[in-house]
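*Asks:* Pasting a structure below so you can have a look.
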Amino acid sequence: MNDTHDLTTYSASKLAELIRNNVVSSEEVVTDHISRIKQVNPKLNAVVVLTEKSALKSAREADSLTQKSKLLPPLHGVPITIKDAFEVAGVVSTGGTLGRKDYVPDTDAIAVKRLKQAGAIILGKTNLPEISMGFESSNLVYGKANNPFDVERTPGGSSGGEASIIAAGGSPFGIGSDAGGSIRWPAHCCGIVGMKPTTGRAPRTGHWPAFSGIFSLVTQIGPMARSVEDISLTLPMLSGPDGIDPTVMPIPLKDPSEVKLSELNITFHTDNGLATPINEIQNAVKNAAEILENNVKSIDQKTPEALKMSASLHSQIMGADAGETARAILKNAGSNAMDPNLLSRINMMSTSPAYLPDFLEMLVELEEYRSKLLQFMLTTNTDVMIGPAAPVPATLHGHGYDGFPENGSYSHAYNLAGWPALVMRGGTSKEGLPVGIQIISKPWCEEKVIAVALELEKNLETFPGPTI
């Protein structure tokens, strides 16, 4: 089996099965994905470091093991790309800032280590905004990443390079990080699947910057792929304490296959009251609700009133220090210049510094917001919510902050809550761009989110991919 098109469009789950059963070799799979990256990356600038030599070496070692053992790890021989915010031993890991352009760590981020232990093979590092802060994936080290559906548009940020190369078939899956939609906005822009788990589900050890302190309340790492099946496969590998990240809780991840859809009460909304989505996005949410209608216990259109708090509250928290944390990160990294997109973001933050009494009040408001969302779920007897991923499709380059912060509120809402949220493609805009829907549940209920997403994936139409 040597059809490049076939291999680069298969899911990680399918590739793992083919390799494990000796239908195809890991070397074939890795070679074909490297070829695909070389074909599309000149237009996308999504992969910023290609680890071709080490990837092929690892693939040959995997093939040797395939012949010797039947006890193979779940991702045995399957290629993966890694957002450049995660450290990979022996590979330049810049975080998108000039002060780290030659930095080579000697250890792997915990997420990378766990995926390697599961048998995954690193193809390379992917583009991102400087210090992972922005809705555009652009920096002074590597330049900007482009969207495979339209290179004049952003693939999103901050995990934009990852979403772009996965959508284009250069990688079957990867990992991102999300403090305000940085997994889910790129997934929406590029038509893939991305999941932000419950805050405290997976360790961020080895992610740079660390997003500690107040930022730890809203930040989580998670998987990105072209299929929900791959999200379900890889999330358990990323989850659980590492003995280092103090935010991670030892709460078991439940199996989506054990969820009974017929027992779920679902609510959906098409507008959060802050930024009205385009018709195609609203219709995608309604279509998802119609698909589920006969398979779940109940489905009703209801909007949590608390969502209206999300835009201002997220902006207050992220801008509480007037951008001083971001400046300190850059200074400590030795960066003497800043990407214009990051400068714009910091300038926004600089307008809303919080003095101690204001900051303490902000934390009280955050608790109130979280409580109101929980009360909505309780009073409406909701197990899972469905809503838009964003109000607009991928924006043209340079327009990532149009309508900010309201346009970001669809993702910010669940960073603030700390709830699991998954974005998957639900439709197509009039420009031919993918548009996403978002599936959300209460903390530690990832299995319900994934179960609903799997059901939708089985029943949604097959959407056209990028033509790049």
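Okay, so the sequence shown: first residue is 23 according to our numbering, each after it adds one.
Glycine included, each C-beta is placed from N, C-alpha and C at the ideal position.
#1: Sort L438, I459, N317 and P177 by Cα distance to K282 and report the nearest one.
#2: In the DSSP assignment, what are the bridge partners of N169?
#3: What do you get for G198, buried or exposed, if any count of 16 or more other CB atoms within 10 angstroms of its CB means buried?
#4: May I ask you to report which of helix, strand or coil DSSP gives S357?
#5: Within the same chain, show all residues whose beta-carbon is closer than 6 Å to that of L97, passing over the 5 residues directly before and after it, in chain order.
#6: What first and last residue would you give for the beta strand (DSSP E) that runs through V474?
#7: With distances taken Cα to Cα, identify the nearest neighbour of T30 among D293, I102 and L93.
#8: Please name the residue or residues paired with V163 in a DSSP beta bridge.
#9: Which whole-angstrom value describes the C-beta separation of P413 and Y391, a residue pair presumed to lie in contact below a C-beta threshold of 8 Å?
#10: Where A190 and E483 are concerned, what is the direct C-alpha to C-alpha distance, given to the nearest angstrom?
#11: So, do the stretch 408-423 and the stretch 168-187 have three or more beta carbon pairs nearer to each other than 8 Å?
#12: By how many angstroms is the C-alpha of L78 removed from the C-alpha of D424?
#13: Would a C-beta distance cut-off of 7 Å place W466 and I273 closer than the cut-off?
#14: Taking the straight line between their C-alpha atoms, what separation do you get for H434 and Q61?
#15: Compare the Cα-Cα distances from N294 to each of I408, F108 and E174 and report the closest residue.
#16: Could you tell me if Q304 is buried or exposed, where buried requires 16 or more neighbouring beta carbons within 10 angstroms of its beta carbon?
#17: Taking three-plus beta-carbon pairs below 8 Å as touching, is the stretch 217-235 in contact with the stretch 72-87?
#18: Can you check which of these residues, D405, A131 and M155, is closest to Q319 by C-alpha distance?
#19: Flag this pair as yes or no: are the beta carbons of E184 and K105 separated by less than 7 Å?
#20: In terms of DSSP beta bridges, what is Q460 paired with?
#21: Give me the DSSP bridge partner(s) of G216.
#22: In the structure shown, what three-state DSSP assignment does F381 receive?
#23: Since D264 and P225 are thought to touch, with beta carbons under 8 Å apart, how far apart are those beta carbons, to the nearest angstrom?
#24: Could you tell me whether the stretch 319-329 touches the stretch 339-352, where touching means 3 or more Cβ pairs closer than 8 Å?
#25: With distance defined between alpha-carbon atoms, name the residue in N169, N149 and V445 nearest to K123.
#26: So, for W441: in the same chain, excluding its five sequence neighbours on each side, which residues have a beta-carbon less than 7 Å away from its beta-carbon?
#27: Closer than 6 Å to a non-hydrogen atom of the ligand PLP - does that hold for the CB of S463?
#28: Should the stretch 155-174 be called in touch with the stretch 372-382, which here means at least 3 C-beta pairs below 8 Å?
#29: Counting Cβ pairs closer than 8 Å, one from the stretch 247-263 and one from the stretch 469-476, do we hit at least three?
#30: Using the beta-carbon count (16 or more within 10 Å), is V215 buried or exposed?
#31: Using the C-alpha atoms, what's the distance from E50 back to K330?
#32: For E109, which residues in the same chain have their Cβ closer than 6 Å to its Cβ, ignoring the five residues on either side in sequence?
#33: Apart from the five residues just before and just after H55, which ones in its own chain have a Cβ nearer than 7 Å to its Cβ?
#34: Give every residue of the same chain whose Cβ lies closer than 6 Å to the Cβ of P456, excluding the five residues on either side of it in the sequence, and list them in chain order.
#35: Decide if P362 is buried, meaning its Cβ has at least 16 other Cβ atoms within 10 Å, or exposed.
#36: According to DSSP, simplified to helix, strand and coil, what is K123?
*Replies:* In short, the structure shows the following:
#1: N317
#2: D172
#3: buried
#4: coil
#5: Cβ-Cβ distances below 6 Å link L97 to A38, A140, G141 and A142 in the same chain, with the five nearest sequence neighbours on each side left out; the list follows chain order.
#6: Segment E468 to N481 is the alpha helix (DSSP H) holding V474; no beta strand (DSSP E) there.
#7: I102
#8: Answer by DSSP bridge pairing: none, since V163 is not bridged.
#9: Contact flag wrong, Cβ pair sits at about 20 Å.
#10: Each residue's alpha carbon lies about 19 Å from the other.
#11: Output reads yes: the stretch 168-187 touches the stretch 408-423.
#12: 42 Å
#13: yes
#14: 35 Å
#15: I408
#16: buried
#17: no
#18: For clarity, residue 319 is Lys in the given sequence; the question names Gln instead. The residue with the shortest Cα to Cα distance from K319 is D405.
#19: yes
#20: Paired residue(s): G409 and V445.
#21: Here G216 is bridged, per DSSP, to M246 and V445.
#22: helix
#23: 4 Å
#24: no
#25: N149
#26: T220, I462, S463, K464 and P465
#27: The ligand PLP is absent from the structure shown, which contains no ligands of any kind.
#28: no
#29: In this structure the stretch 247-263 lies against the stretch 469-476, because at least three pairs of beta carbons, one per stretch, are closer than 8 Å.
#30: buried
#31: 50 Å
#32: S115, P127, A131 and G228
#33: T30, P101, L145, G192 and S193
#34: G213 and R447
#35: exposed
#36: coil
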